[in-house]
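So the number in the numbering used here is just where the residue sits in the sequence shown, counting from 1, plus 1. We put the beta carbon where it would ideally sit given N, CA and C, even for glycine. Single-structure report; data block below.
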Amino acid sequence: MELFIKGIGVSPGVAIGPTLPFRVHTTDVPQYSIDDPVAELQRYDEAVERVRTSLTDVIHRTADEVGDTYAAIFRAHMEMLDDVTLRPDIERLLNENHLNVEYLVDAKIKEMTAALKSVDDASFRERISDFVDLGRRILHALSGEDEESLDHIETPSIVVAHELTPSETAKMDMGNTLALATDEGGPTSHMAILARAFEIPAVVGLRHVGARVGVGDQVIVDGTSGQVILRPNPATVEKYMREKERQDQERQALISAGTGKASKTLDGTEIETLANIELPIEVTDSLKDQCQGVGLYRTEYLYMNRTSLPTEDEQFEVYKRVVQSLAPLPITMRTLDIGGDKMVSYLSDHKESNPQLGWRSIRFCLDRPDIFKAQLRAMFRASAYGTAQIMFPMITGVDELREAMRVLQQVRDDLEARDVPFDRDVKVGSMIEVASAVVLAEDLARECDFFSIGTNDLIQYCLAIDRVNQRTAPLYKPHHPAVMRMLKQVIDVARKTNIPCSICGEMAGDPLFTETLIGMGFASLSMSSVSLPRIHAEIANTKLLAAKRFANKILKTGSGSEIKRLLTERAKSRDTLRLYRTGKQAPNGTTPT
């Protein structure tokens, strides 16, 4: 009997296929008395050395195949392995209890993870999987068992698991992975990020899906809606096969129509389309064909999922790789934007009652100039290898922007004094994400080279809605009239002061808003790479004069529900995707392939 399970879709698309249940089988850890604690400690030391060798191999392989950013996760595991307290604790427990070392290691790891689970700070709880991962490695090394792995999957399969640790995702055979479905995880988990990068459908938060399937069970994963269907009946399979075929054909037509071409409206107005990225692996040849650069490079991922700061040289190598890979196209690097829902445990042990309004983003950087300057130096050094821009997040006013610029100038002067190569013409911009920045946009425009509107946070702060709070999620409305009018106010200022202005929040990749944004005056949109083909189609199906008229109608509407109704009806009347399904018309008058 088929079973529908609702989770959280973190990577869009439909996949149908047999399951490959992947469970980290907890080794039955034996418990017995020992006579020689010294010999048992030696067993521990030898196991740790084997783990160290294995981790070193994983770090090098991951850096080569995926990038230094992801390899940093395993460097953090290496640091945990070298934790000065772990070996003395094991030695003490051996001498006190005279029990076998694997039993004591297992007990110690369980004790550490239990302690993390009791901490309110989510950033500490995120490290649980790291401890479990490391503990499993040591236990396998002590037992001599081979580790369960996903590095070679025999046939195309849907991987179903309770949770996938960093080690497992880094080694996964993506070529034979049709989709991913896990009990645990979130949109920013390692698995979710890789799934999006490889365009593999994925659903997380499924609770007990791992316990409900066997090897080879047929499963449907709908990463768009967050639906997983176990053992579907023939009618359901046929329905989703048609949907998958439709999506695949539609996406291929969209990609083919947009590849290698500038995005232009029906009347010839060019709209710049850019990509948002988090990992170097996301900069591929196909991405370069689909966009005109990177409008938002989220650099904070390099600081997360580890136990210490990345060095300046480590950052430089990562930024250099991204800039070189994208050259000659431009890349806009956002300085460190941590805090709020992106906590880095080793940088703050202070629990904030309202982190979204707390010590985050540019506030943190200005309070920690040592960290800020190291990142800026790495960014400037990387600029010598391509075209780079730098922008500051969450700027609230002129004084804050000037202080950030003062630090940046100190870094620039230092590099020049030491004759370090960098691009002297690097542009510096401000993100517009809070209401005060909207009000002061004209003043800010005199202090920087460009604007980038982060709609995710702008909506959050405009409407006083915590965007990661499940209870308030329904109140998070991009179509709110106040949000629309703020966007118009900023783009008008940018055009008046003659500085570029793009949107890099999720609204830029939502086809419901494309025509309206163009009608407001936006000529640059930056989005997740998976959204690029659809937005290209929307741009190519837009007439500028009609877009302006429709945008004016939206801006005069004072009701959010009415704006949503207008947007939805407009989308139905435009029916851009029908052009591809029927083949009657395609962007710029071409025929879909």
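Pairing Asp268 with Lys544 gives a Cβ-Cβ distance under 8 Å.
Distance from the CA of Ser264 to the CA of Asp218, rounded to the nearest whole angstrom, comes to 43 Å.
Rounded to the nearest whole angstrom, the CA to CA distance from Val412 to Leu330 is 25 Å.
Runs of the beta strand (DSSP E) lying entirely within the region 354–432 and spanning at least 3 residues, in chain order: 388–393. Of the residues assessed, Phe5 falls on the exposed side of the cut-off, its CB having fewer than 16 other CB atoms within 10 angstroms. Within the same chain, Met79, Leu82 come within 8 Å of Arg53 by CB-CB distance, once the 5 residues on both sides are set aside. Contact annotation: Val429 and Asp458 have beta-carbon atoms that are not nearer than 8 Å.
For Cys502, the beta-bridge partners assigned by DSSP are Phe452.
With 16 or more other Cβ atoms inside 10 Å of its own Cβ, Asn101 counts as buried. Gln490 sits close to Val439, with the two beta carbons spaced by under 8 Å.
The beta carbon of Arg232 is closer than 8 Å to those of Met2, Glu3, Leu4, Asp218, Gln219, Val220 in its chain, skipping five residues each way along the sequence. Residue Ile17 holds the alpha-carbon nearest to the alpha-carbon of Glu239 among Thr456, Ile17, Thr333.
Residue Lys549 holds the alpha-carbon nearest to the alpha-carbon of Gly520 among Glu244, Lys549, Arg213. Distance from the CA of Ala40 to the CA of Leu135, rounded to the nearest whole angstrom, comes to 22 Å. DSSP places Lys7 in the uninterrupted beta strand (DSSP E) bounded by 4–7.
Measuring C-alpha to C-alpha distances from Val160 to each of Asn98, Gly145, Ala196 identifies Ala196 as the nearest. The continuous stretches of beta strand (DSSP E) do not include Gln291, which lies in the alpha helix (DSSP H) extending over residues 286–291.
Between the alpha carbons of Phe381 and Ile391 lies a distance of about 9 Å. Excluding sequence positions up to five before and after Thr285, its CB lies less than 7 Å from no other CB in the same chain. The beta carbon of Glu301 lies closer than 7 Å to those of Leu337, Asp338, Ile339, Lys343 in the same chain, with the five residues before and after it left out. For Arg335, DSSP records a beta bridge to Arg299, Met392.
When C-alpha distances from Val214 are compared across Gly455, Asp184, Gln316, the shortest belongs to Asp184. Around the beta carbon of Leu207, a 10 Å sphere encloses 16 or more other beta carbons of the protein chains shown; the residue is thus reported as buried. Between the beta-carbon of Tyr386 and that of Val324 there is about 5 Å, and that keeps the pair under the 8 Å contact cut. Gln32 sits in coil when the DSSP states are folded into three classes, being neither helix nor strand.
Gly294 sits in coil when the DSSP states are folded into three classes, being neither helix nor strand. By a beta-carbon distance limit of 8 Å, Ser562 does not contact Leu526. Their separation comes to about 25 Å. In the structure shown, Gly520 falls within a helical segment according to DSSP collapsed to helix, strand and coil. Phe317: member of the alpha helix (DSSP H) spanning 313–327, first to last residue. Bounds of the beta strand (DSSP E) holding Thr178 are 178–183. Assignment of Leu165 by DSSP, reduced to helix, strand and coil, places it in the coil class. Counting the other Cβ atoms within 10 Å of the Cβ of Thr456 gives 16 or more, which makes it buried. Within the same chain, and ignoring the five residues on either side of Pro501 in sequence, the residues whose Cβ sits closer than 6 Å to its Cβ are Phe451.
Cβ neighbours of Asn234 within its own chain (closer than 6 Å, five residues either side excluded): Glu3.
Under DSSP, Val205 takes part in a beta bridge, and its partners are Ile9. Cβ contact annotation for His99 (same chain, cutoff 7 Å, sequence separation greater than five): Ser34, Ile35, Pro38, in chain order.
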